[in-house]
Amino acid sequence: MEEAGGGVFAFRDVRWEPDPTLAFPPCARLPGPAPLVLDNGSFQLRLGWACADPAVPAEPLLRFRSLVARSRGARGGGGGAGPELQVGNDVGSPEPLRWLLRSPFDRNVPVQMELQELLLDHGLQRLGLGLAAQGCVDHPVVMTEAVCNPLYSRQMMSELLFECYQVPKVSYGVDSLYSFYHNKRQGWPCSGLIVSSGYQCTHILPILDGRLDARNCKRINLGGCQATMYLQRLLQLKYPGHFAAISLSRVEEILHEHSYVAEDYKEEMQKWRSPEYYENNVHKMQLPFSNKLLGSTFTSEEKQERRQQQLRRLQELNARRREEKLQLDQERLDRLLYVQELLEDGQVDQFHKALVELNMDSAEELQSYIHKLNLAIEQTKQKILQAEVTAEVDVVDSKPEIPDLDPLGGEQAIEDVESINEFEPLFAEEQPEAEKPVITVQPVFNLAEYHQLFIGTERIRVPEILFQPSLIGEEQAGIAETMQLVLDRYPKEQQEKLVQNVFLTGGNVMYPGMKARICKELLEMRPFQSSFQVHLASNPVLDAWYGARAWALEYMNREEGWITRKDYEEKGGEYLQEHCASNIYVPIRLPKQAPRTAETSASTKVPGTVTSNPPEQA
334 MEEAGGGVFA
344 FRDVRWEPDP
354 TLAFPPCARL
364 PGPAPLVLDN
374 GSFQLRLGWA
384 CADPAVPAEP
394 LLRFRSLVAR
404 SRGARGGGGG
414 AGPELQVGND
424 VGSPEPLRWL
434 LRSPFDRNVP
444 VQMELQELLL
454 DHGLQRLGLG
464 LAAQGCVDHP
474 VVMTEAVCNP
484 LYSRQMMSEL
494 LFECYQVPKV
504 SYGVDSLYSF
514 YHNKRQGWPC
524 SGLIVSSGYQ
534 CTHILPILDG
544 RLDARNCKRI
554 NLGGCQATMY
564 LQRLLQLKYP
574 GHFAAISLSR
584 VEEILHEHSY
594 VAEDYKEEMQ
604 KWRSPEYYEN
614 NVHKMQLPFS
624 NKLLGSTFTS
634 EEKQERRQQQ
644 LRRLQELNAR
654 RREEKLQLDQ
664 ERLDRLLYVQ
674 ELLEDGQVDQ
684 FHKALVELNM
694 DSAEELQSYI
704 HKLNLAIEQT
714 KQKILQAEVT
724 AEVDVVDSKP
734 EIPDLDPLGG
744 EQAIEDVESI
754 NEFEPLFAEE
764 QPEAEKPVIT
774 VQPVFNLAEY
784 HQLFIGTERI
794 RVPEILFQPS
804 LIGEEQAGIA
814 ETMQLVLDRY
824 PKEQQEKLVQ
834 NVFLTGGNVM
844 YPGMKARICK
854 ELLEMRPFQS
864 SFQVHLASNP
874 VLDAWYGARA
884 WALEYMNREE
894 GWITRKDYEE
904 KGGEYLQEHC
914 ASNIYVPIRL
924 PKQAPRTAET
934 SASTKVPGTV
944 TSNPPEQA
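Each residue of the sequence shown is one higher than the one before, starting from 334 at the first, in my numbering.
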């Protein structure tokens, strides 16, 4: 964020750079295929190699948003190439008007596998694997998944990897557990309480003796996405005059770089009531604006010259539009005449096939369209000729011409000519008056200040929804309450073990003050003079990928944790090979129905009998 001076920050408005196409590293195949590490997050997809060779960077080589953009105006079928697609960072911005953004995730679980396949295709091709030539990925794959991932989602993901990409083996692990083991230092206990807050969800995960206790995991359906939408709604209500300018990318920029977590929310809100504190801590965000004069100081000669320039622009624009329309109509006419010649030559089958492609029903309809096109072409030629004749004539009072509608009903409509209203209002008739002295009009307010957003209490209100979801109307428990709920499920000895290593990870814990707030909440909920320790991941965003890479290097030549193609074919796509950072199998016990008694069965057979109290289910 760039500071423009005087406590005013300017938006960077940086567009996403398209993902580069990388060269495949030869050392990733020798002496054996190196594992491919994919951190499949709902915000970003991160790809890289788990290779010990120093020539391969020990970091994700590709990082792009988990988004697929489909053109709103594109329609498949009709012999066309299908809808236009953009994947990942090629979209350029999260708020394009021409694109419909879609994600393969429902919360943090991938469910739209056709979109997931598009993301993987994009990443693997940019990684230099050359899927179009090879048709398979002959590298082991380490992929992250959600905590307590549904079996259906894992089954579909395994089917995609084994059937579509022909991978030899795959391993699934939980992103926050990979981050936990990557940050594990000497002397750290094997038990701990992980607080993982991402783009869609926040999880509280208890770790006992190095293994995940999946029965007592808890999820809060709040994350960075909900915080972004909340901040956008607050600012748009506060500044309705800048509704369109408060875009999603600018809101994300404010959230990531200007928000912080208050250690005591009520006390901090009281501080913001002070005008002095507000003036010292408010952040002013400068929106872009056009620094035009509010009044006109041009003389009549200058106005006349500007009017002539704008009219010349309109005439050139109209001429260019007519030429384009004439060329397009001529191409359509040639195509229709070719189809008509098929009928005259007796090629009836090809003629009917061409009619179907043109979406026409009969030869009479074809003849009608040819007649309309001939008229349209003749009219356009006359207008072009007339414009050339009158090009030197003064046309101050004339108006820009609007192109005629396409007589075909339009497979590709010509865009409308720029309205004359978009130009400055210099076309009004003026009565000849005596020359008046130039008067400079002073603006009634500072235009730059009008385009400033004052970010005050929003800096703490938005991150506070993680601790108080009721601020946005969510009937959920916050992080502190959920931590207390999880700890209460264990005896005191195990509680002591868990709170000695409270670990914070995920991109949504990077707010300044998050660690201090968790310490304060633990101090309030734990017994008097009890000890606890809170640790923050060294890199909350990328540590999951780093941990998955470290695991892949360690277990590359072992069988533990890997699902082979043979396992997939014999045991199904839901099969999970457990390891230190994976989900664990939790059997689900469905309640059994109570056996039906003889009296109940008899009452159902006798017509007209009604049972007032049906048997309860166990």
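Beta carbons are placed, not taken as given, at the ideal position from N, Cα and C, and that holds for glycine.
As the structure is a computational prediction, the values presented were derived from the model and not from experiment.
May I have the straight-line CA-CA distance separating residue i from residue j, to the nearest angstrom?
i    : j    : result
I958 : P796 : Because the chain here runs from 334 to 951, residue 958 falls outside it and cannot be looked at.
D508 : H472 : 20 Å
D682 : R665 : 21 Å
H455 : G421 : 8 Å
G846 : G557 : 16 Å
S701 : A652 : 28 Å
L510 : V689 : 58 Å
F342 : M602 : 23 Å
A813 : F800 : 6 Å
I917 : Y505 : 11 Å
L820 : R362 : 47 Å
N920 : C550 : Asn is not the amino acid found at residue 920; the sequence shown has Pro there. For P920 and C550, the distance between alpha carbons rounds to 15 Å.
L669 : Q719 : 28 Å
L661 : M693 : 19 Å
G339 : N614 : Confidence in G339 is poor, its pLDDT being 48 and thus under 50, which makes the residue's placement too unreliable to answer from.
K825 : C497 : 49 Å
E755 : L647 : The predicted position of E755 is uncertain, since its pLDDT is 42 and thus under 50; no value can be drawn from it.
E857 : V867 : 14 Å
S607 : I793 : 16 Å
Among the options, which has the Cα closest to the Cα of residue i?
i    : options                : result
S863 : E829, D876, M847       : E829
E782 : R435, I788, L620       : L620
E721 : E649, L453, E690, L708 : E649
N568 : E791, A687, F344       : Asn is not the amino acid found at residue 568; the sequence shown has Leu there. Nearest C-alpha to L568: E791.
Y908 : R794, M490, G468       : M490
V475 : Q866, L484, E808, A914 : A914
V444 : R544, E492, S592       : E492
N890 : T477, L494, P366, H591 : P366
Q910 : S426, V584, K502, Y563 : K502
R882 : L380, R362, C360       : L380
H912 : G894, F344, P924, W605 : G894
H515 : G905, I896, E887       : E887
T815 : L526, W432, G679, R668 : L526
Y901 : V500, A383, L818, S803 : V500
E585 : W605, T561, Q866, Y610 : T561
W878 : P353, Y485, G461, V370 : V370
R405 : E417, N779, L394       : E417
P860 : E612, L394, Q817       : Q817
A577 : E808, E428, P390, V832 : E428
R552 : M843, G811, L831       : G811
F357 : V442, G461, P390       : G461
Identify the residues that DSSP records as bridge partners of residue i: which are they?
i    : result
F397 : L378
Q785 : Q619
E478 : V507
K551 : I537
H868 : F836
A402 : Q419, L434
L545 : I540
P443 : F438
S529 : H536, T838
V370 : G381, V475
K636 : DSSP output for K636 lists no bridge partner at all.
K502 : T897
Could you check if residue i belongs to the surroundings of the ligand NAP, using beta carbon to heavy atom distance under 6 Å?
i    : result
A870 : Among the components modelled here there is no ligand, and therefore nothing to report on the ligand NAP.
Spell out whether any CB of chain C is found under 7 Å from the CB atom of residue i.
i    : result
Q419 : In the structure shown, chain C does not exist; there is a single protein chain.
- Item | Stretch-stretch touch, CB-based, cutoff 8 Å, three pairs: the segment 370-384 with the segment 518-538 | Counting Cβ pairs under 8 Å, three or more are found: they touch.
- Quick one: which unbroken alpha helix (DSSP H) runs of 4-plus residues sit fully inside the segment 885-921? Chain order, please. Correct list: 898-904.
- Any 3 or more C-beta pairs closer than 8 Å across the segment 869-885 and the segment 835-845: These segments touch.
- Below 8 Å, can you find three or more Cβ-Cβ pairs linking the segment 427-441 to the segment 393-407? With a cut-off of 8 Å, the segment 393-407 and the segment 427-441 count as touching, because enough Cβ pairs lie within range.
- Message: Could you tell me which whole alpha helix (DSSP H) segments of length 4 or greater appear in the segment 787-853?
- Response: Inside the segment 787-853, DSSP marks whole alpha helix (DSSP H) runs of 4 or more residues at positions 791-794, 812-820, 825-832, from first to last along the chain.
- Query: Are the segment 542-549 and the segment 447-462 touching by the rule of at least three beta carbon pairs closer than 8 Å?
  - Reply: The segment 447-462 and the segment 542-549 do not touch, with fewer than three beta-carbon pairs separated by less than 8 Å.
- Message: For the segment 841-861 against the segment 588-602, do three or more pairs of beta-carbon atoms, one drawn from each stretch, fall closer than 8 Å, so that the two count as touching?
- Response: The way I'd put it, the segment 841-861 does touch the segment 588-602; three or more beta-carbon pairs between them come closer than 8 Å.
- Message: If we require 3 or more residues per run, which beta strand (DSSP E) segments fall completely within the segment 658-737?
- Response: Within the segment 658-737, no complete beta strand (DSSP E) run reaches 3 residues.
- Message: At 4 residues or longer, what runs of the alpha helix (DSSP H) sit wholly inside the segment 550-588?
- Response: Runs found: 557-571.
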